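Chains as they are written, first to last, in the working numbering: chain S, -3 to 303; chain L, -3 to 303.
This is the structure we're talking about:
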């Protein structure tokens, strides 16, 4: 055992780590590694060292943990406790346009209380991936003085934990939402009107994820519009939003800057990593992905954009 | 009567001219000026002189004709015949996401055979707006040697006039489609796969219109992605695609170029004009629109895009 202090990760990610059973129109796979923290950390790992905060059960497969380690993810914040790992199952219908959750088993997540390793508390970048807002707040409370905090959420928390979610939104620098969440949170139909209303609730930036239709970053006096990298075929959209956000945060953490230019560049890289992510099942893309392939696609993507 | 030859318009547009009855969640208006050629010519008129090819009945209102004249649209190709003008009525449901056609009365359109004035036949740019493919072919047959031909279509013709539509697609430089038309025409679910398949059928470019999600231009070896100008509120989406295409064609006709750079710029201007179009009911936007307002919004739009 080393007495040297543990290194401070550039980025801390809290979220779910679980085993997913996914059915698409073409295939079905059981117990594949998933969860918002898994996707986000894996995506971020191509840019910066990420510390994962989450919980798994005694049944969590060793190969999954090995994958995290190979990606250089710091697992000091990943608790392993008695019981079964979080499980989710869902099905994609109508050519992937609609996702329906079949089952959610919280298992060890039911009693999870995230405790940050000492080194994590001094990390400059924090991503509160999709998880109960009370847990997001608990993590925020443990951080010393993070430079840039981003939170994601989902429809479930808008319905069941609105007050806590409101507190999260009031304490972050950037909120990521998808289109339905933006509308659901605000009641506004226009995406722009919804994003502007969210901006009034605290964050200095709102990032709307529109899947294959790209993303939109709204700041007090600026709008940035980014299309998505176009794909011939999507094999599994699970985790696309988390992969996008993870790539975005990883790139910001690597650059160490959060000005408009850095945010725009980070969105481009988030979009590129997410495009790889959905081309394979679950986290499979990561087994083959390399920084060189990311750069090559980023360059191709740039040539497709206005200039 | 002057014996001087009529001037050759830069752009010829053939399509429908009609009176629409439109219901949105907030309002209902009867017999407002509409039709694909009306929207496209009006949008194009901010950039280049457009010659309209279409037919109206004896009941066509004088103020509508006066609006066309004020926009400098050449009406030599607009036939006026006995009978009633084409009428369409539709309703926007679910916050504008779904449009349902209530009624289509072809009226004078039933026996329409477009005959191009002599001057039109030498126009360099031709836009075959949405109209029966047989009529689009008849117009194409009358043109001497147009430099750049663009065609639009709709689901109806894919179902009822597939053979003629296939001939049109084989003879144009650029085909514009929306997402559902692209899928319907090809059977491909992925937009990119659908657009690539359409490219194989003849045109050198396929322009996919995605409404508020922007547009995509596919050429043999290039892809261009353009988001849409974001709006706080959409009042009436009727004619948005025709306005986009009309602005696109008008800008190309003004520039007199069709290289990749010119096509990309024309898409940006088409998008800007369409954004004004949907902010007001029917063609109302045009009563207030000016080139200065178009340039101002184009500049604002550019600042929202990657660079």
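Cβ coordinates follow ideal geometry from the N, Cα and C atoms, glycine included.
Just so we're clear, the structure is a prediction, and the values are computed from it rather than from any experiment.
In the structure shown, residue 76 (chain L) adopts extended strand secondary structure according to DSSP, grouped into three states.
Here residue 260 (chain S) carries a helix assignment [DSSP, helix/strand/coil]. Interface annotation, residue 150 (chain S): not in contact with chain L, CB-CB separation never under 9 Å. Note that the C-beta distance between residue 225 (chain S) and residue 297 (chain S) is below 9 Å. About 18 Å separates the beta carbons of residue 67 (chain S) and residue 248 (chain S), which is beyond the 8 Å limit, so they are not a contact pair. Contact annotation: the stretch 61 to 75 of chain S does not touch the stretch 83 to 100 of chain S, with fewer than three C-beta pairs closer than 8 Å. In summary, the residues of the stretch 165 to 190 of chain S whose CB is separated from some CB of chain L by less than 8 Å are 185, 186, 187, 188, 189, in the order they occur in the chain.
Listed in chain order, the beta strand (DSSP E) runs fully inside the stretch 188 to 267 of chain L are 201 to 205, 211 to 215, 219 to 222, counting runs of at least 3 residues.
Linking residue 14 (chain S) to residue 26 (chain S) through their CA atoms gives a straight-line distance of about 12 Å. Taking a 10 Å sphere around the C-beta of residue 91 (chain S), we find fewer than 16 other C-beta atoms and assign the residue as exposed. For residue 105 (chain S), the secondary structure class from DSSP, reduced to helix, strand or coil, is helix.
DSSP links residue 47 (chain S) through a beta bridge to S:8, S:70. Contact between the stretch 264 to 283 of chain S and the stretch 229 to 243 of chain S is present: three or more C-beta pairs spanning the two stretches fall below 8 Å.
For residue 215 (chain L), the CB contacts under 6 Å within the same chain, skipping 5 residues up- and downstream, are 201 in chain order. Going by DSSP, residue 127 (chain S) is part of no alpha helix (DSSP H) at all; its letter is neither H nor E. Going by beta carbons, residue 64 (chain L) and residue 34 (chain L) fall inside the 9 Å limit.
For residue 206 (chain L), the C-beta contacts it makes with chain S under 8 Å involve 209, in order along the chain. One Cα belongs to residue 240 (chain L), the other to residue 259 (chain L), and the distance between them is close to 13 Å. At a cut-off of 9 Å between beta-carbon atoms, residue 262 (chain L) makes no contact with chain S. Within the model, the alpha-carbon separation for residue 50 (chain S) versus residue 188 (chain L) is close to 38 Å. For chain L, the residues of the stretch 252 to 280 of chain S that bring a beta carbon within less than 8 Å of one of its beta carbons are 260, 264, in chain order. The beta carbon of residue 151 (chain S) sits closer than 7 Å to the beta carbons of 176, 177, 180 from its chain, once the five residues preceding and following it are set aside; these are given in chain order. Here DSSP, grouped into helix, strand and coil, assigns residue 14 (chain L) to strand.
Around residue 300 (chain L), the beta-carbon contacts reaching into chain S at under 7 Å are 219, 220, 221. Between the stretch 134 to 153 of chain L and the stretch 117 to 124 of chain L, the count of C-beta pairs closer than 8 Å reaches three or more; the two stretches touch. Of the residues assessed, residue 210 (chain S) falls on the buried side of the cut-off, its CB having 16 or more other CB atoms within 10 angstroms.
DSSP places residue 22 (chain S) in the coil class of the three-state scheme, outside both helix and strand. The beta-carbon of residue 212 (chain L) is placed less than 9 Å from the nearest beta-carbon of chain S. The three-state reading of DSSP puts residue 82 (chain L) in strand, counting E and B together. Considering only S:268, S:158, S:295, the residue with the shortest C-alpha distance to residue 285 (chain S) is S:268. Within the same chain, and ignoring the five residues on either side of residue 32 (chain L) in sequence, the residues whose Cβ sits closer than 6 Å to its Cβ are 11, 12, 125, 126, 238. Among the residues of the stretch 223 to 239 of chain S, those with a Cβ less than 9 Å away from any Cβ of chain L are 223, 224, 225, 226, 227, 228, 229, 230, in the order of the chain. Residues of the stretch 66 to 98 of chain S with a C-beta less than 7 Å from any C-beta of chain L: 91, listed in chain order.
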